[in-house]
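A.B. asks: Heads up: the sequence lines are chains L and X, in that order. First residue of the first sequence? That's 198 in the working numbering, and the numbers climb one at a time after it. First residue of the second sequence? That's 198 in the working numbering, and the numbers climb one at a time after it. C-beta atoms are modelled at their ideal positions from N, C-alpha and C, and glycine is treated no differently.
Number of protein chains: 2
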Amino acid sequence: MDRRIRKSREAIIEAFILLIAEKNFEQITINEIAERADVSRGTVYLHYTDKYDLLDQCIRTHFVQLIDSCLPCGEQALFPTEAALLYTFQYLDQHASFYAAALANKGVPAFRNRLQAVLLRGFDKQMDMSGINRKMNKGILVQFLAVAMTGMIEQLVTRATPYSAAELAEQVWALMERNQMVPQAQPTV
Amino acid sequence: MDRRIRKSREAIIEAFILLIAEKNFEQITINEIAERADVSRGTVYLHYTDKYDLLDQCIRTHFVQLIDSCLPCGEQALFPTEAALLYTFQYLDQHASFYAAALANKGVPAFRNRLQAVLLRGFDKQMDMSGINRKMNKGILVQFLAVAMTGMIEQLVTRATPYSAAELAEQVWALMERNQMVPQAQPTV
DNA sequence: CGGAATCCGTTCAGTACTGTACAGAATCGG
DNA sequence: CCGATTCTGTACAGTACTGAACGGATTCCG
Chain L
198 MDRRIRKSRE
208 AIIEAFILLI
218 AEKNFEQITI
228 NEIAERADVS
238 RGTVYLHYTD
248 KYDLLDQCIR
258 THFVQLIDSC
268 LPCGEQALFP
278 TEAALLYTFQ
288 YLDQHASFYA
298 AALANKGVPA
308 FRNRLQAVLL
318 RGFDKQMDMS
328 GINRKMNKGI
338 LVQFLAVAMT
348 GMIEQLVTRA
358 TPYSAAELAE
368 QVWALMERNQ
378 MVPQAQPTV
Chain X
198 MDRRIRKSRE
208 AIIEAFILLI
218 AEKNFEQITI
228 NEIAERADVS
238 RGTVYLHYTD
248 KYDLLDQCIR
258 THFVQLIDSC
268 LPCGEQALFP
278 TEAALLYTFQ
288 YLDQHASFYA
298 AALANKGVPA
308 FRNRLQAVLL
318 RGFDKQMDMS
328 GINRKMNKGI
338 LVQFLAVAMT
348 GMIEQLVTRA
358 TPYSAAELAE
368 QVWALMERNQ
378 MVPQAQPTV
């Protein structure tokens, strides 16, 4: 990719994330974004049709990163190990400002739903692959876990919990083990 | 100035300063500079004829900043107040990595001399303007002070002194008062 | 209400930067 | 010594970005 394209996009995205952490999405203008990114206004339109498109691509990029952070080994399942879960929580912790803003922002509806849907698809796929936990109703279990995980993520990025990413990862991992979502560590006889 | 020009120059200068702080000037290549600045190699040549020119402009820019830091009020003399001297020392302290590198680097000969010359011209002009200290041989006094100030600056930026910028500024100011280079605070009867 | 200001989205010519290529110089390593 | 590699400085066509302008929509404020 052309160096200039990469630089412009990075600058615009960074400026946008900073802005969305500061104020409501609706009252962010293209002018502000361009100014903050130190880029001509036309350049913004060169890459994004409008601020909704920018938001959409921004969310998309973050979701790709999020999924990536869940799959450190490449082709494994959603949360293959406790270490992977910890890694994901730390990633979320680092980018908390964006995720919290997107979750909290009234102007970004359905972000929560999209996050939940991403997790749901991930869990669903993992259940199919690993074949564990065949006895339960897959749909319900997956939904239950996706909702729970979304909530935990929201707690983490909005700083609504006093627990650190590491503590949360440990506890959530234990819960996933209890729910037989992951290869059992010590089958309880 | 075109936004792109400013950005490119800033990136190149920043990369160059980081590099000169790391290794000898002679073994820095245009390739390295371009790579570090995240800029095409041709762009470097678009702004600077070669790395010597880049170094020269870099020094020039820093000298302009240095002089600026000495003249916070605009049209005043070189060090009108103790506060101005402190400001200058703090500026030097902040940009110590560049000044130290330029002073220490074997491949940047005469940097020390240029610094000294800048200070000499500054003091000389100040003597003419303020008209103080008429009794002494101006040339010798100015030279004496320029050499001394250069040395103090070198001490500061190379971290060869345990004293802070503030402590140095205070002491040097006292010395300048003693040498009647500045408006006397309390004429000692 | 009505003017001023701001923002929108688009167009456009001009410019800076891009990657690539080239020949020659310098440096490296066998 | 010689080949391989790297760096230099220059040239080029293609591209991304720039600033400026525009009519129209929206908001602000008196």
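With Tyr-284 (chain X) as the anchor, note down where its alpha helix (DSSP H) starts and where it stops.
C.D. replies: Looking at the DSSP string, the run of the alpha helix (DSSP H) that includes Tyr-284 (chain X) is 279-291.
A.B. asks: Give me, in chain order, the residues of the same chain whose beta-carbon lies closer than 7 Å to that of Val-344 (chain L); leave out the 5 immediate sequence neighbours on both sides.
C.D. replies: Contacts found: Gln-313.
A.B. asks: Nearest to Ala-280 (chain X) by alpha carbon, out of X:Asn-376, X:Trp-370, X:Glu-374?
C.D. replies: Ranking the options by Cα distance to Ala-280 (chain X), first place goes to X:Trp-370.
A.B. asks: Applying a beta-carbon distance threshold of less than 8 Å, which residues of chain L neighbour Asp-235 (chain X)?
C.D. replies: What Asp-235 (chain X) touches in chain L: Arg-200, Lys-204.
A.B. asks: Going by the CB atoms, is the gap between Ala-218 (chain X) and Ala-234 (chain X) shorter than 8 Å?
C.D. replies: No; because the gap between Cβ atoms is not below 8 Å, this pair is not in contact.
A.B. asks: Can you list the alpha helix (DSSP H) stretches of 4 or more residues lying completely in the stretch 325-355 of chain L, in chain order?
C.D. replies: Here the runs fully enclosed are 335-354.
A.B. asks: Please state if the CB of Leu-342 (chain X) and the CB of Asn-376 (chain X) are separated by a distance shorter than 8 Å.
C.D. replies: Taking 8 Å as the Cβ cut-off, Asn-376 (chain X) and Leu-342 (chain X) qualify as a contacting pair.
A.B. asks: Are the beta-carbon atoms of Ile-256 (chain L) and Ala-299 (chain L) separated by less than 8 Å?
C.D. replies: Yes.
A.B. asks: Thinking just about the alpha-carbon of each residue, which of L:Ala-297, L:Arg-206, L:Thr-347, L:Tyr-360 is nearest to the one in Ser-237 (chain L)?
C.D. replies: Among L:Ala-297, L:Arg-206, L:Thr-347, L:Tyr-360, the Cα nearest to that of Ser-237 (chain L) is on L:Arg-206.
A.B. asks: Relative to the C-alpha of Ile-387 (chain X), which candidate in X:Thr-240, X:Asn-221, X:Phe-213 has its C-alpha closest?
C.D. replies: Not covered by the structure: residue 387 (chain X). The range shown for chain X is 198 to 386.
A.B. asks: Would you check if the stretch 287-296 of chain L and the stretch 354-370 of chain L touch, i.e. whether three or more CB-CB distances between them fall below 8 Å?
C.D. replies: Touching, per the Cβ criterion.
A.B. asks: Measure from the alpha carbon of Thr-355 (chain X) to the alpha carbon of each residue in X:Phe-286, X:Cys-267, X:Ile-210, X:Ile-264, then state which is nearest.
C.D. replies: Thr-355 (chain X) has its Cα closest to that of X:Phe-286, out of X:Phe-286, X:Cys-267, X:Ile-210, X:Ile-264.
A.B. asks: Let me confirm a value: Ala-297 (chain X) is counted as buried when at least 16 other C-beta atoms fall within 10 Å, else exposed. Which label applies?
C.D. replies: Buried, since its Cβ has 16 or more Cβ neighbours within 10 Å.
A.B. asks: Going by the C-beta, is Thr-246 (chain L) closer than 7 Å to any heavy atom of the ligand ATP?
C.D. replies: The ligand ATP is not among the ligands present in this structure, which contains no ligands whatsoever.
A.B. asks: Among L:Gly-336, L:Thr-347, L:Glu-351, whose alpha-carbon lies nearest the alpha-carbon of Ser-294 (chain L)?
C.D. replies: Out of L:Gly-336, L:Thr-347, L:Glu-351, L:Glu-351 has the C-alpha closest to the C-alpha of Ser-294 (chain L).
A.B. asks: Asp-265 (chain X) CB to nearest chain L CB: under 8 Å?
C.D. replies: Not closer than 8 Å to any Cβ of chain L, the Cβ of Asp-265 (chain X) fails to qualify, so no.
A.B. asks: Pick helix, strand or coil for Thr-358 (chain X), following the three-state DSSP scheme.
C.D. replies: Thr-358 (chain X): coil per DSSP, three-state reduction.
A.B. asks: With distances taken from CA atoms, which of L:Glu-211, L:Gln-368, L:Thr-278, L:Tyr-284 is nearest Gln-409 (chain L)?
C.D. replies: Any property of residue 409 (chain L) remains undetermined from this structure, which presents chain L solely from 198 to 386.
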